[in-house]
Amino acid sequence: MSEKKVLLEVKNLKKYYSKSLYLNTKKHITKAVDDVSFSVYEGETFGLVGESGCGKTTIGKMIVKLIEPDSGEIVFDGLNFSEIKEKDSLALRRNVQMVFQDPHSALDPKFTLFETINEALKTHKLCKTKIEAVAKIERLINLVGLNSSQLQKYPSEFSGGQCQRISIAKALAVNPRLIVCDEPVSALDVSIQAQIINTIVELQHKLKLTYVFISHNLAVVKYISDKIGVMYLGKIVELGTADDIYMHHQHPYTQTLLDAILDLKHLAKPQQSIDDENSLNKATAYNGCNFCSRCKLATPRCFEEVPKLKEVAAGHFVACHLI
Amino acid sequence: MINNLLSVKNLSLQFDIDGKQAYALRDVSFDIAQGEMVGIVGESGSGKSVLCFSLLKLLYKNGKITNGQILLHGDDLLLKSENEMTKVRGEKISMIFQDPFLALNPTITIGHQITWIIMKHENIKKSEAKKRAAQILSSVGIHDIDAVMKSYSHQFSGGQRQRIVIAMALCCNPELLLADEPTTALDVTTQAQVLNLISDLKKQRNMAVMLVTHDFGVVANTCDKIIVMYGGLIMEQATSKELFAAPKNPYTKALLECIPSLESKREQQIEQINGDPPDILKLGDFCPFYKRCKYAMNICTRKIPPIFQVSPTHSSACWLLDERAPVIPDFKAAARKEANVN
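Protein chains in written order, with my numbering: chain A, 1 to 323; chain B, 1001 to 1342.
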């Protein structure tokens, strides 16, 4: 186990957004990502789960250097992101690619499938001749389960599932080592989701890829991930292996998320409803744990002090005062 | 005998798209009893939303109902004039939509929107309408009503907005509530709350609910009856117990298997349905699922499967249930036996 190499390390990452509602009122600060640290091992999948607005996409975008963090470090294979200048970032982008949620808006409607992928190859100067490029693109789209007869088609002629396959092929074109998948299946039909998940898993085996997999769907994340980070309002509240999170979870928020799953196998299980979701907005009113206003087990300490991540078992971290 | 509130008989609907005919609904028949919760499940393009809109006769100009009846308490809605329909909408049948942000007017306060609807439908004073609006808002679990009535829609979170939309749909005491993907745009934890709210309100008011969704998880816990749609056809119709215990249609079975659950192991692949959902412009006289079906036979490519009754409350449209079809060991053998008995 100790042989495994850390490919991506995220240390104390922070990203705050500030905006004022009216012209000269006090600025309101949103802590989109607040002191997040985790590491991803080569060949593994790291899952990030949480509700909308918890900062999971912001982390994804910082990993591919689309957004600059306010503070903290992202280290990819020994290379610190903050030390890379904009003009040198091309080499970095070759190693780290992203697949977006909505496949239709991620593709240029005026580019054919061939042009879409060829653009990536040209930007990174990966193919010397056109023949070489055609061969490579054909190989790529076969890999993601598309047909080379579709090369001259436009995105509008493809279905959602096919567009997502093109997005994956586009990300793979530059031989990346890490792919950030930001909700790659949530915009797709149920019957298509399984196809894409299977493709993603298959590609990992074939190409030895490392994934950061972002989703709000816990069942999908559990299926695909080795390690999982559960996020709530900018912070990681629980971090561990897939089994840690699902069998031995300790944070009340993880429990809430698991209760909210509408699983077909547990029809008799009554749905537990959590309190007023309005409290989500109030969370910033307290200095303590972000989850305190929604938490059934909250103690006075939770409202005053921010809990730190504690190691409860090897590799399993929980941020909660009750543990 | 159960009193049928709504019965839809052989409803067919076509859209004319650039001269091509799209068959959005084909021979759809089902009943909804008073106080019953019916789930309609299907992928995009299966006709489930169109079904909702056609019950309210809110169709685009290029949509035409070519055949069938929509009977509400025995009255055919298709024969009603536009003026009569405005009375039905909201008072008898009302609808909540997928995106609660788009369903509310951003320039008018919430209180004004709700009182306006009440006054439009019932001949009462504004002050009384306001009281009614406040009552309804509190019944959907909204606190601090005075402030909410004066607020605009952008000031609320998605879940709150959906609650307001539900309140608006209920303010004239409809007998049937059509909920078109009410939780798809919401977070997982909020989804459970909204679903609980809908089923609580259903019980309190003895109202029938038609819940349209693409997610089996949503209907499994809440609905009495489930209708599975695909390519404008009803593929399977059963009580939710029967459906989840033993689906009798290859499409339903495949759809249930392809959802990863918490128990699925990463070493095993998830069962996947190959191919894409059908293009409604290219539907014809064949089973819409045959291209993706593991068990497709010759007949499937030539004729739309008829509906086979498996039990009094369970029916499925699949040629495998026909006597002449080959017996496939896992689930169809049992289905056939039951079908013969009936």
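Where is the CB? At the ideal position from N, CA and C, for every residue including glycine.
Not a single C-beta of chain B is nearer than 8 Å to the C-beta of residue 60 of chain A. Judged by pairs of C-beta atoms under 8 Å, the stretch 2-20 of chain A touches the stretch 64-79 of chain A, as three or more such pairs exist. Ranked by Cα distance from residue 293 of chain A, the options A:252, A:183 and A:260 are led by A:252. DSSP places residue 1030 of chain B in the strand class (E or B) of the three-state scheme. Residue 205 of chain A is outside the set of residues whose beta carbon lies under 8 Å from a beta carbon in chain B.
Beta-bridge partners of residue 1314 of chain B (DSSP): B:1311.
Residue pairing by DSSP leaves residue 216 of chain A without any beta bridge partner. For the C-beta of residue 1272 of chain B, the chain A residues within less than 7 Å are, from N- to C-terminus, 194, 195 and 198. The alpha helix (DSSP H) runs lying completely inside the stretch 1100-1175 of chain B and spanning 4 residues or more are 1100-1103, 1110-1121, 1126-1139, 1145-1149 and 1158-1170, given in chain order. The C-beta distance from residue 1025 of chain B to residue 1047 of chain B rounds to 5 Å, short enough to meet the 8 Å contact threshold.
Counting every other CB atom within 10 Å of its CB across the protein chains shown gives residue 1074 of chain B a total below 16, marking it as exposed.
Per the Cβ contact rule, the stretch 246-261 of chain A is not in contact with the stretch 61-68 of chain A (fewer than 3 Cβ pairs under 8 Å).
Contact check between the stretch 1002-1015 of chain B and the stretch 1056-1072 of chain B: three or more CB pairs, one atom from each, fall below 8 Å, which counts as touching. For residue 151 of chain A, there are no C-beta contacts with chain B under 8 Å, since the nearest C-beta of that chain is about 18 Å from it. Using a Cβ-Cβ cut-off of 8 Å, residue 223 of chain A counts as an interface residue toward chain B, since at least one Cβ of chain B sits closer than that to its own. The DSSP assignment places complete alpha helix (DSSP H) segments of no fewer than 4 residues inside the stretch 20-64 of chain A at 56-63, in order along the chain. A residue is called buried once 16 or more other Cβ atoms fall within 10 Å of its Cβ, and residue 196 of chain A is buried on that count.
With the criterion set as a beta carbon lying under 8 Å from some beta carbon of chain A, the members of the stretch 1246-1264 of chain B are 1254, 1255, 1256, 1258, 1259, 1260, 1261, 1262, 1263 and 1264, in sequence order. For the stretch 118-147 of chain A, no residue has a beta-carbon sitting nearer than 8 Å to a beta-carbon of chain B. 161 and 162: these are the residues of the stretch 161-175 of chain A whose beta carbon lies less than 8 Å from some beta carbon of chain B, given in chain order.
Counting the other Cβ atoms within 10 Å of the Cβ of residue 1083 of chain B gives fewer than 16, which makes it exposed.
Secondary structure at residue 244 of chain A: helix, using DSSP grouped into helix, strand and coil.
Contacts with chain B (Cβ-Cβ distance below 7 Å) from the stretch 227-257 of chain A involve 246, 256 and 257, listed in chain order. The beta-carbon of residue 40 of chain A is placed no less than 8 Å from the nearest beta-carbon of chain B.
Annotation: Cβ neighbours of residue 216 of chain A in chain B (cutoff 8 Å, chain order): 1187 and 1188. Here the alpha carbons of residue 318 of chain A and residue 129 of chain A stand approximately 53 Å from one another. Taken in chain order, the members of the stretch 1212-1223 of chain B whose beta-carbon sits within less than 8 Å of a beta-carbon on chain A are 1214, 1215, 1216, 1217, 1218, 1220 and 1221.
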